[in-house]
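Heads up, the thing below is written out as structure tokens.
Have a look at this one:
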């Protein structure tokens, strides 16, 4: 194994040197086809963002690709290029059925419906968010959140919300909120853990490693209604400056 990639809802993809071993594992039933497709894409030099059962990938030439299992029928979709554009630069999971993408020109795009009942990404097309061409980078949070920074280092949170909620939505079911807590911060590794607490609502614990090797954390409380999340301060965890990566899962 070479490296672990961002985990999907069903499987954690990884990169292998030997593609034949991946294909053999699928044929023998030891590896789900979705995970195999993610590994094949990563091994071929793609930047991969796994979702619930579909994988969005960008090749080194800037082309956009998709593979996985669509909701409708549950049939496996082989690796296929989406459109003819070759100026995609970054991709990050935002929802089980949606991804956030950046183009080389600094524009921000959303692909999907934020609806688990949707037939899959192949039935939709990427839609530009706003008119700004100043976006610089993306980081996936815990489902269904994604963070985006502009070139000045200002951070925004994109999260799925009910379409009936009164919060402003930049796309159906997608809210955009300023997040000064993460302004000017670059994470070399980032992960979140969601917990549900009685009479409190959902609590998200944020953990990230900075380029200097320090580990940081914060806590966000989600009231569970139309109220905005309550963000706690971002604090350094311990004195060590040798952290490399961080990864979390539900409940731990």
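In the numbering used here, the protein residues as written are 19 to 270. Backbone N, C-alpha and C define an ideal beta-carbon position, used for all residues, glycine too.
Backbone secondary structure at residue i - three-state DSSP
| i | result |
| --- | --- |
| residue 213 | strand |
| residue 82 | strand |
| residue 260 | coil |
| residue 122 | coil |
| residue 246 | coil |
| residue 91 | Residue placement at residue 91 is poorly supported in this model, since its pLDDT is 49, which falls under 50; the coordinates are not used for a value here. |
| residue 34 | Caution applies to residue 34, whose pLDDT of 41 falls short of 50 and renders its modelled position unreliable; the value that the coordinates give is listed next. Looking at residue 34 - three-state DSSP - the assignment turns out to be coil, as it is neither helix nor strand. |
Beta-bridge partners of residue i, as assigned by DSSP
| i | result |
| --- | --- |
| residue 112 | Beta-bridge pairing links residue 112 to no other residue. |
| residue 117 | 111 and 129 |
| residue 194 | 176 |
| residue 187 | According to DSSP, residue 187 bridges with nothing at all. |
| residue 235 | 225 and 253 |
| residue 167 | 155 and 173 |
| residue 106 | 121 |
| residue 98 | 84 |
| residue 207 | 227 |
Element boundaries [beta strand (DSSP E), containing residue i]
| i | result |
| --- | --- |
| residue 225 | 219-227 |
| residue 76 | 72-76 |
| residue 156 | 153-158 |
Whole-angstrom C-beta distance between residue j and residue i, which should lie under 8 Å
| i | j | result |
| --- | --- | --- |
| residue 176 | residue 196 | So it is not a contact: roughly 11 Å between Cβ atoms. |
| residue 79 | residue 117 | 19 Å between Cβ atoms; not a contact. |
| residue 125 | residue 153 | 7 Å |
| residue 180 | residue 262 | The Cβ separation is near 38 Å, so there is no contact. |
| residue 169 | residue 205 | About 17 Å; that fails the 8 Å criterion. |
| residue 266 | residue 209 | 4 Å |
| residue 253 | residue 231 | With a Cβ gap of about 16 Å, residue 253 and residue 231 do not count as contacting. |
| residue 139 | residue 84 | 6 Å |
Does the contact criterion of 3 or more C-beta pairs under 8 Å hold for the segment 102-114 versus the segment 142-161? With three or more CB-CB distances shorter than 8 Å, the segment 102-114 counts as touching the segment 142-161.
At a cut of 8 Å, does the segment 223-232 reach the segment 196-210 through at least three beta carbon pairs? yes
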